[in-house]
Amino acid sequence: MEKYADTHSQDADSENATLISSESLRDEKSQRRQNFVWLTLFNLFIFVISMLSMVCTVMSQRDPSGNTAAQLMDQFGIFSPLMHQVEYTHTQFSFASPLNSSKYVGTTDDVDDAWMDIAFVPDQMVSKSDFPRLNKPTDAAQVTDPKTGETGYRVGLEVFHQLHCLNLLRMATYPEHYTKVSWSDTNDEAAKVRGHLDHCIEVLRVNLMCLSDVNVFTFHPKEGLEGHWPDYNTNHVCRNFDAIKDYAREHGMPEADV
Numbered sequence: 001m002e003k004y005a006d007t008h009s010q011d012a013d014s015e016n017a018t019l020i021s022s023e024s025l026r027d028e029k030s031q032r033r034q035n036f037v038w039l040t041l042f043n044l045f046i047f048v049i050s051m052l053s054m055v056c057t058v059m060s061q062r063d064p065s066g067n068t069a070a071q072l073m074d075q076f077g078i079f080s081p082l083m084h085q086v087e088y089t090h091t092q093f094s095f096a097s098p099l100n101s102s103k104y105v106g107t108t109d110d111v112d113d114a115w116m117d118i119a120f121v122p123d124q125m126v127s128k129s130d131f132p133r134l135n136k137p138t139d140a141a142q143v144t145d146p147k148t149g150e151t152g153y154r155v156g157l158e159v160f161h162q163l164h165c166l167n168l169l170r171m172a173t174y175p176e177h178y179t180k181v182s183w184s185d186t187n188d189e190a191a192k193v194r195g196h197l198d199h200c201i202e203v204l205r206v207n208l209m210c211l212s213d214v215n216v217f218t219f220h221p222k223e224g225l226e227g228h229w230p231d232y233n234t235n236h237v238c239r240n241f242d243a244i245k246d247y248a249r250e251h252g253m254p255e256a257d258v
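Note that the sequence shown covers residues 1 to 258 in the UniProt record's numbering.
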């Protein structure tokens, strides 16, 4: 009888140990699942924060007041079809040395082609619904988009007008080569040429003062020269000109007006 009782007690102890072991295993698995869930949620939180930080870094090209360029244009009631297309880049100015090695300096056909590429870009179109945002009279020239058939208003982009003006001033400094430039075919009287050049000087003056570039340059000694000389190879935050040019060409309007 005692032997049976001992055996029964041993079986009970074994069963209890098995139950305890099973419960411990379940508790351990449950704890692991909880740890995995918390770790997953933590990693997801870090990922979301990282993505938000990246988006904010990319999107917030801001001035000290916290406004983006597009927001400032909205604030002052200024509209452009490219206002939300502008990209910004960190650029270090690097001027050609010697200067005449720049592809934009000189009078060769290649130089002329380089200027044609950056200064002669098609006009754009502003839709009739957006046109009132320009605060201009509705007698403005209209144009039809050949890709969509939509009719709107023809607009030019300032940057290409400014580069056109700079190109004319460039050519005017080589009178022995550019004896008659394309825009003066019917207006080559001295007074009209002078007037056009003065117009371009004024356009560039106004835009440079509007921009009021506050980047700085330093002064350094140069071997063989006295004193300190300015170093214009400086760092800037620039609008991506190539992206603007590509967008303008892709959305360019035909020359003929409607």
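Where is the CB? At the ideal position from N, CA and C, for every residue including glycine.
No experiment lies behind these values; they were computed from the predicted model shown.
Same chain, Cβ closer than 7 Å to residue i, neighbours up to 5 away in sequence not counted
i: His-228; result: Phe-219, His-220 and Pro-221
i: Ala-96; result: Ser-102
i: Val-126; result: Pro-81, Leu-134, Gly-152, Tyr-153 and Val-155
i: Ala-172; result: Leu-197
Straight-line Cα distance separating residue j from residue i
i: Ala-119; j: Leu-169; result: 13 Å
i: Ile-244; j: Glu-226; result: 42 Å
i: Gln-75; j: Ala-69; result: 10 Å
i: Asp-117; j: Asp-242; result: 11 Å
i: Gly-195; j: Leu-163; result: 17 Å
i: Phe-217; j: Gln-71; result: 29 Å
i: Pro-254; j: Asp-145; result: 8 Å
i: Ala-140; j: Gly-252; result: 18 Å
i: Tyr-88; j: His-236; result: 10 Å
i: Gln-142; j: Ile-78; result: 20 Å
i: Tyr-174; j: Thr-107; result: 8 Å
i: Ile-201; j: Thr-148; result: 38 Å
i: Val-206; j: Asp-213; result: 13 Å
i: Val-86; j: Lys-192; result: 36 Å
i: Lys-128; j: Asn-240; result: 28 Å
i: Gly-224; j: Pro-230; result: 15 Å
i: Asn-167; j: Thr-179; result: 15 Å
i: His-90; j: Asp-112; result: 28 Å
i: Leu-208; j: Gln-92; result: 19 Å
i: Asp-109; j: Pro-98; result: 20 Å
i: His-199; j: Glu-150; result: 34 Å
i: Ala-190; j: Asn-100; result: 29 Å
i: Cys-210; j: Asp-246; result: 25 Å
i: Glu-250; j: Lys-136; result: 25 Å
Own chain, CB closer than 6 Å to residue i, minus 5 neighbours either side, in chain order
i: Met-73; result: Met-83
i: Ser-94; result: Asn-233
i: Tyr-104; result: Ala-114
i: Glu-176; result: none
i: Tyr-4; result: Note that Tyr-4 scores 44 on pLDDT, short of 50, meaning its location in the model is unreliable and no value can be drawn from it.
8 Å Cβ shell around residue i - same chain, five flanking residues per side excluded
i: Met-54; result: Model confidence at Met-54 stands at a pLDDT of 40, short of 50, so the residue's coordinates are unreliable and nothing is read from them.
i: Ala-248; result: Leu-82, Val-121, Pro-122, Gln-124, Leu-157 and Phe-160
i: Thr-138; result: Phe-131
i: Asn-215; result: Thr-234, Asn-235 and His-236
Identified DSSP bridge partners for residue i
i: Tyr-104; result: DSSP output for Tyr-104 lists no bridge partner at all.
i: Gln-92; result: Asn-235
Cβ-Cβ separation, residue j to residue i (assumed contact under 8 Å), whole Å
i: Cys-238; j: Leu-204; result: About 18 Å separates the two Cβ atoms, so there is no contact after all.
Quick check for students: name the residue ranges of the alpha helix (DSSP H) that lie wholly in the segment 163 to 249, counting only runs of 4 or more.
190 to 211
Entirely enclosed beta strand (DSSP E) segments - the segment 118 to 160, minimum 3 residues:
124 to 127, 142 to 144 and 151 to 155
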